[in-house]
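Right, one structure below, let's go through it.
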Amino acid sequence: MDGRVTTYLITGGCGFIGSNFILRLLREHPQARVINLDKLTYAGNQDNLREVADDEGYRFVRGDICDGALVEDLMHEADYVVNFAAESHVDRSLMAGDEFIRTEVYGTYTLLEAARRSPKLKRFLHLSTDEVYGQVGERQASVETDPFRPRSPYSASKVGAEMQCVAFVETYGLPVVIARPANNVGPRQHIEKFVPLCATNALMDEPLPIYGDGRQVRDWLYVEDNCEALDLLLHEGEPGGAYNVGAGNQRYNIEVAELVLDILGKPRNLIHFVEDRAGHDRRYCVNFDKIRALGWSPRHGFAEAIEKAVRWYTDSRWWWEKVREGEFQQYYREQYGKRLAEARPYAAGPRP
Ligand code: NAD
Ligand code: DAU
């Protein structure tokens, strides 16, 4: 008898946020038993959880959230579910959107369908995104009741998943809580994403590709702050409710790249302006008063969040050098080859 009494079914736990969340669960909740269901796509990485791989409270199941029979089986054991599984990179959704729709919409539906028949499920936390609101104007901040205006195949797939959640709340009274976080940053994020890409390219003295004029705005949320918020929502979020999770750390992309270079002591001329992302959302900004009212607030400011993330990549070459060697090479050539060949150098480029 191991004394662990609460079972958490986590999907997509080998990815960035999911792995940070599982580490938190096992650390903060001694009664937790974690089942991690992950398909191990290019983004799933078992190195992310190697420190708990042999923990008696942790079980890894390789599988697809679209597999109804497997999901039904695992769901029977679950007190809580957190659905992180997704295709998460906007640029890849512009190359091929099929897997985004399949995992987000059909996969989320499959989980919800099993959840409604589950004997003891207390809450189902679904990971959505601030991108469901689409881009917002200069002084605007999205509130939870705002309409959805997704503009990429990725964000449209996230809206599709949310709509399935709403249907199961309305139809079956399923206790689903939805989280809509801003851009996370921190340890174990795939190097295709902006901050890890800037950090690892800078460490190798390779160019940092900045889309368009670099004046798009994102809100940078440290992943451990997000995981703390998710833990709270999982246990205390209002069933049927949606919650924005922001940090108040809005910055231009170019400022982020400059800070990464400064932290690493690398020259600014590594920055290269390249062809923009198609349909690139200009600015995201969420109002997060609703989760603040539950007692959560972010602990990391902008500079601290970026610095901690960059330091992790400096200290974890073993982790990202392996990732760089794999399928990433072909992706990188396809995504950046022509762009970098036609890039505008930093000095001649636009300044914020
Ligand atoms: P990630 O790409 O790092 O990880 C996704 C994980 O899901 C991987 O381990 C992958 O193997 C797994 N997966 C994919 N398809 C699957 C399937 N069909 N069945 C089972 N597992 C599957 O993603 P992330 O950045 O950790 O994001 C996690 C969630 O949070 C996603 O839903 C994403 O949309 C959302 N989100 C992310 C951010 C961010 O900044 N990273 C912000 C807001 C919301
Ligand atoms: O806002 C939440 C979302 O944040 C999540 O839902 C997504 O899963 C997550 O990937 C992230 O999406 P973004 O598209 O904002 O993240 P990304 O790291 O790809 O890009 C951040 C910004 O940097 C964006 O404005 C595009 C820009 N960028 C990105 C890359 C990869 C560049 O300028 N150059 C690049 O090479």
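Position 110 of the sequence shown, counted from 1, bears residue number 114 in our numbering, the numbering being contiguous throughout.
Where is the CB? At the ideal position from N, CA and C, for every residue including glycine.
Treat the numbers as computed from the prediction; the structure is a model and nothing was measured.
Shown here, Val-140 sits in coil according to DSSP, grouped into three states, outside any helix or strand. If you ignore the 5 residues before and after Gly-138, its C-beta comes within less than 8 Å of the C-beta of Phe-152, Arg-153, Pro-154, Arg-155, Ser-159 and Asp-285, all in its own chain and listed in chain order. If you draw a straight line from the Cα of Arg-219 to the Cα of Gln-254, it comes to about 11 Å. In this structure, His-276 is the residue among Asp-83, Cys-202 and His-276 with its C-alpha nearest to the C-alpha of Gly-216.
For ligand 1, a non-hydrogen atom lies closer than 6 Å to the CB of Thr-45. Going by DSSP, Ala-89 is part of no alpha helix (DSSP H) at all; its letter is neither H nor E. If you look at Leu-178, you'll find it isn't in any alpha helix (DSSP H); DSSP assigns it neither H nor E. Of the other Cβ atoms in all chains shown, 16 or more fall within 10 Å of the Cβ of Pro-200; this residue is therefore buried. Each of Asp-42, Asn-49, Ala-57 and Asn-257 was checked against the Cα of Val-65, and the nearest Cα belongs to Asp-42. Residue burial is scored here from C-beta neighbours: Ala-313 has at least 16 other C-beta atoms within 10 angstroms and is therefore classed as buried.
In the three-state DSSP reduction, Pro-157 falls in the helix class (H, G or I). Within the chosen limit of 6 Å, ligand 2 reaches the beta carbon of Phe-198 through at least one heavy atom. Short note on Gly-218: C-beta not closer than 6 Å to any heavy atom of ligand 1. Counting only the Cα atoms, Leu-212 lies some 6 Å from Asn-205. Of the residues Lys-270, Leu-44 and Ser-97, the one whose Cα lies closest to the Cα of Asp-209 is Lys-270. Contact holds between the region 77 to 96 and the region 116 to 125, because three or more Cβ pairs, one in each stretch, are under 8 Å apart. If you check the C-beta of Arg-222 against ligand 2, you find a heavy atom less than 6 Å away.
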